[in-house]
């Protein structure tokens, strides 16, 4: 590596380090605010002389109703991601490896859902949601919001997973067909294991999108079925400042996606760089 190249690398790393620190400032603010009493952070959380650190804010946020919202978020997110990944992977295999009429048209129409803003169809979506009984209680609201998330995520699922499946070696799939394997057997035993990094990469992205959703849940769901994002908004009122408790709730909301990313990071990185050598 030449001196100029080495200097460029150091400059790049330095710039990325600075940007990373700047990006972490809001997170540090929330973390420090969640661990200190409201009276101490009014002058700024960075004043650490005589600071008191406590987990009381987390317990108070939980007691103020976040526990119910967390359960709703887990149900909605797991159901939505499972439906989207399952249907998206099957559709991606069809678009990648099968031949059928109107294949290109179908793929184009599905991909166009990626560019449709949610806000554009949110109001027309509300009467449809009600007319199908998804606001009646039971599992209806969970299933309804999961189907909405699946509809918005299907285009992304097919786009990402199809690109990954296109990179799989044709020889392996051809050998399976010669051995008499059906398309379902080929998908389940060969394609699915080989495409796992790409599928998990999309699952992580979709998990974060659904977990952080506020607009759809606030519009379509009743109070008893709303997720954690709505619960966090409800903690803050115009007549009562609860920055400490809201920050504690925000930290609890950050932990599940962060833990998922840490656990599946190696699959995520492999999925992002799949096919880069071609």
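In the working numbering, the protein residues as written are 1487 to 1764.
Note that beta-carbon positions come from the ideal geometry of N, C-alpha and C, so glycine has one too.
Everything numeric in this text was worked out from a predicted model, so none of it was measured.
The criterion of a C-beta distance shorter than 8 Å is satisfied by residue 1551 and residue 1717. Less than 8 Å separates the beta-carbon of residue 1711 from that of residue 1628.
DSSP, reduced to helix, strand and coil, places residue 1565 within a helical segment of the structure shown.
Residue state for residue 1619 is assigned as coil, using DSSP reduced to three classes.
Contact between the segment 1678-1689 and the segment 1529-1537 is not established, with fewer than three Cβ pairs separated by less than 8 Å. Here the segment 1571-1588 makes contact with the segment 1640-1653; the two share three or more CB pairs at distances below 8 Å. About 5 Å separates the Cβ atoms of residue 1543 and residue 1730, confirming a contact at the 8 Å cut-off. Separation of the CB atoms of residue 1659 and residue 1583 is rounded to 7 Å, and the pair is thereby assigned contact status at 8 Å. Remark: fewer than three beta-carbon pairs, one from each stretch, lie closer than 8 Å, so the segment 1584-1602 and the segment 1649-1657 are not flagged as touching.
Sequence-distant Cβ neighbours of residue 1621 in its own chain, meaning closer than 7 Å and more than five residues away, are 1615, 1627, 1708. Between the segment 1690-1704 and the segment 1634-1641 there are three or more inter-stretch CB-CB distances shorter than 8 Å, so the stretches are counted as touching. Residue burial is scored here from C-beta neighbours: residue 1507 has fewer than 16 other C-beta atoms within 10 angstroms and is therefore classed as exposed.
Taking the Cβ atoms as the reference, residue 1630 lies roughly 7 Å from residue 1706, within the contact range of under 8 Å.
In this structure residue 1676 touches residue 1662 by the C-beta definition: roughly 5 Å separates them, less than 8 Å.
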